[in-house]
Every structure is written in structure tokens, then in C-alpha cells.
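Numbering-wise (the working numbering), the sequence shown opens with residue 5 and increments by one.
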Amino acid sequence: MTAAGLPASSAGSRSGARWVGVARWLGVRVLGAIVVLWAVATLIFFAIRLVPGDPAQAILGGPGSQASAASLRLVREQYGLDKPLVVQYFLQLGHLAGGDLGTSYSLKQSVASVLAAQVPPTLTLAAVSLAVAWLLALLLAWWSSRGGRVAAAVGSSLGVIASAVPQFLLASVLIVIFSTQLGWLPPVSTGGVAGIVLPVVTLAIPVAGFLGQVTRDSLLDAAAAPFALSARARGESDTGVFGRHLLRHAALPGLALSGWAFGSLLSGAVVVESVFARPGLGRTLLQAVTLRDIPLVTGVALVSALAYVVVVALGDLAEKAVDPRGRAA
5 MTAAGLPASS AGSRSGARWV GVARWLGVRV LGAIVVLWAV ATLIFFAIRL
55 VPGDPAQAIL GGPGSQASAA SLRLVREQYG LDKPLVVQYF LQLGHLAGGD
105 LGTSYSLKQS VASVLAAQVP PTLTLAAVSL AVAWLLALLL AWWSSRGGRV
155 AAAVGSSLGV IASAVPQFLL ASVLIVIFST QLGWLPPVST GGVAGIVLPV
205 VTLAIPVAGF LGQVTRDSLL DAAAAPFALS ARARGESDTG VFGRHLLRHA
255 ALPGLALSGW AFGSLLSGAV VVESVFARPG LGRTLLQAVT LRDIPLVTGV
305 ALVSALAYVV VVALGDLAEK AVDPRGRAA
């Protein structure tokens with residue numbers, strides 16, 4: 005018999021079944037990640053070739069370089085651009101499968117080294133923004149669910165407005181108020197703590213508006229549930245009921261959407277990093293698309309997709325940790 009009172013064979017069977025479940029979960033996630041990365045690589049490969057312009061000319065510095073026909077032919081042969089499109093596609097897939105992201109046309113560096121320098125600033129910006137968005141969403145949901153009809157109406161309106169406001173407009177308003185008028189924060193990202201505040205707020209507010217609406221509806225449903233009424237009947241304070249019982253149930257829909265929220269933050273980084281002159285994947289992607297830098301565009305897209313897949317998996321794990329029914333499944 006085990007310490008828990010179960011026969012050793014039964015406990016071992018449960019442990020084995022749990023590890024089989026974990027292995028199945030990991031297998032599904034890894035397979036899903038491979039499919040997503042393949043789809044992104046395929047989409048980027050064909051989409052970037054619809055952009056007007058000659059990749060060989062982009063490699064030689066663009067139309068202003070006035071490259072000769074011989075130079076263009078030599079570059080096409082060197083980079084395999086003279087081969088049929090299908091051959092180029094499978095050659096690129098083979099390189100990517102081997103971990104070779106290629107060399108940036110515009111920067112003349114390996115894409116891996118460029119990404120190594122640009123990934124940390126963007127992931128830091130997105131992670132901090134997601135944390136701030138969750139904090140704002142919980143505060144908005146808690147306040148609007150406790151303040152009666154007026155607070156509920158105001159909270160719902162604020163959530164809709166926050167989720168709908170364009171990021172470039174929000175960034176401009178924040179710069180005018182906190183940089184130009186008040187002089188509290190720098191208008192460009194200087195690398196310090198003060199420099200990241202406005203980019204984080206710009207990214208966090210729209211996501212917080214959406215998460216706040218979802219969390220508030222879930223919070224109201226949980227507040228009317230029998231377990232919450234029973235807790236109040238036992239004399240627990242509103243704060244205690246919120247912290248011990250309601251918060252866990254209210255956060256579940258938002259946790260399920262955290263992967264989407266992180267993807268939204270990564271896409272929003274294109275605008276925010278450009279407006280605040282902040283280094284990162286978004287600004288690099290914008291420059292790469294402008295310069296028709298196919299390897300760099302592909303590398304940025306793949307890294308962003310991989311980060312999205314990882315965050316979705318982490319959100320799934322967090323949801324299972326919070327909800328006992330998820331662990332049982």
C-alpha cells in the first residue's frame with residue numbers, strides 16, 4: 005500500500021497515465037508548432053514575391069544603385085533567384101528545416117544574429133505590456149462589477165473605447181500629453197525605464213479594454229454563483245470572496261485569450277517601435293518589408309509565430325493550473 009492508501013499498482017497506473025497525457029499534450033503542441041511555422045514560411049515566401057520589385061536589385065542596394073545587368077545576373081545565380089519558384093520554395097524550406105535562416109539582403113548579416121539582437125527588446129515590451137494589460141483589466145473589472153449600474157455602464161464604455169482606439173492615435177496623444185506638455189517622459193525610447201513607459205501603455209490599453217470586458221462578464225457570473233453566495237453567508241468579506249473565489253473563475257476566459265493578446269501585442273509592436281524609435285522585431289520587420297529583404301522578413305515572421313505558439317501553450321498551462329476541471333481533462 006502507498007502512503008495515500010492506494011495499492012502500489014493503482015498508484016503506478018495513475019502516474020503512468022498522467023505521463024502519457026503529458027507526452028500526448030507535448031506531442032500535439034510540437035506538431036501544431038511545426039504546422040504553424042510551415043504555414044507562416046509558405047505564406048511569407050509567396051506573399052513577399054507579390055511585392056513589386058526585383059530581389060536581386062534589392063540585394064545590390066535598390067533601384068538607386070543602378071546595378072548592371074551582369075551584376076544582377078550574378079546575384080540571381082548566387083542566391084538561387086534564377087531557379088523556378090517551386091524550386092526556390094523547397095530550397096528555402098530545406099534551409100529552414102536545417103536551422104539556416106539565411107543572410108539579410110539589406111544588413112549583410114546572418115538573420116540569426118540580427119534576430120538575436122532584436123528579439124529581447126520586443127519580447128520584453130510585449131511581456132511587460134501583457135502584465136500591465138492584465139492589471140488594468142482586473143482593476144476595471146473589479147471596479148465596474150462593484151459600483152452599481154453607473155459603474156458598470158462606465159466600465160463597459162471604457163472597455164469598448166480602449167479596445168477600439170488605434171495605437172498610432174493613442175501613442176500620439178500620450179506623447180503630446182506626457183512628453184510635450186508635461187515633460188514627464190521621453191518621446192523616444194531611450195533604453196531606460198522611463199523610455200519604455202509610453203510604449204508599454206500604448207500597447208497595454210487596447211488589450212486591457214478587451215480583457216476587461218471579458219473578465220467583467222465572467223466576474224459577474226461568478227459573483228452570482230452558489231459558491232460565492234455561500235462564502236458571503238459564512239461571513240467572508242467582499243475582498244476575501246474576490247481574492248479566494250471570484251478571481252480564479254473570472255480570469256479563466258482571459259487566460260484562454262492571453263495567447264491572442266500576446267499576438268496582438270507583437271503585431272502592435274510594428275507601430276509602437278516605429279513611433280517611439282525603439283529597437284525590436286516590429287521596426288526591423290517594417291524596414292525589411294520596405295527593402296524587400298526576404299530572409300529577414302521570413303525570420304521575423306517565424307520568430308513571432310514561435311513566440312505566439314509558446315505563449316498560447318503557457319496560457320493553456322496556466323488555465324489548467326487555475327481550473328481543476330482542466331487538470332482532470
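Using N, Cα and C, we set each Cβ at its ideal position, and we do this for glycine too. Please read all numbers here as calculations on a predicted model, not as lab measurements.
Burial state of residue i (16 or more Cβ within 10 Å)
i	result
E277	buried
W188	exposed
T184	exposed
S222	buried
G319	buried
L250	buried
G163	buried
A130	buried
Q217	buried
T294	exposed
L186	exposed
I52	buried
A228	exposed
F280	buried
Under 8 Å between C-beta atoms of residue i and residue j
i	j	result
V313	V40	yes
V274	G286	yes
P88	R282	no
W147	A155	yes
V211	A265	yes
R296	G57	yes
A120	L310	no
G284	Q122	yes
Residue i - DSSP class collapsed to helix/strand/coil
i	result
T194	coil
S222	helix
S114	strand
From the options, residue whose alpha carbon lies closest to that of residue i
i	options	result
L100	S161, P230, W42, L310	W42
P59	T46, A141, V218, R77	R77
L207	V326, L269, G57, A121	L269
S132	A121, E81, I200, T107	Per the sequence shown, the amino acid found at residue 132 is Val instead of Ser. If we check each option's Cα against that of V132, I200 comes out closest.
G258	A51, V197, D104, L139	L139
L321	L261, V279, R236	L261
D225	A237, V204, R252	R252
7 Å Cβ shell around residue i - same chain, five flanking residues per side excluded
i	result
R22	none
L289	V274, V301, V304
L306	L41, V44, A45
V316	G263
Own chain partners of residue i with C-beta closer than 6 Å, once the 5 adjacent residues on each side are dropped
i	result
L202	L178, L189
S167	P210, G213, F214
G159	L144, S148
A7	Per-residue confidence for A7 stands at a pLDDT of 46, beneath the threshold of 50, marking its modelled position as unreliable; the derived number appears in the next sentence. Result list for A7: empty, nothing under 6 Å.
Contacts around residue i, its chain only, beta-carbon distance under 8 Å, and the 5 residues preceding and following it disregarded
i	result
T107	Q113, S114, V115, P299
R150	D242
V180	none
V55	V293, R296
L256	S222, E323, V326, D327
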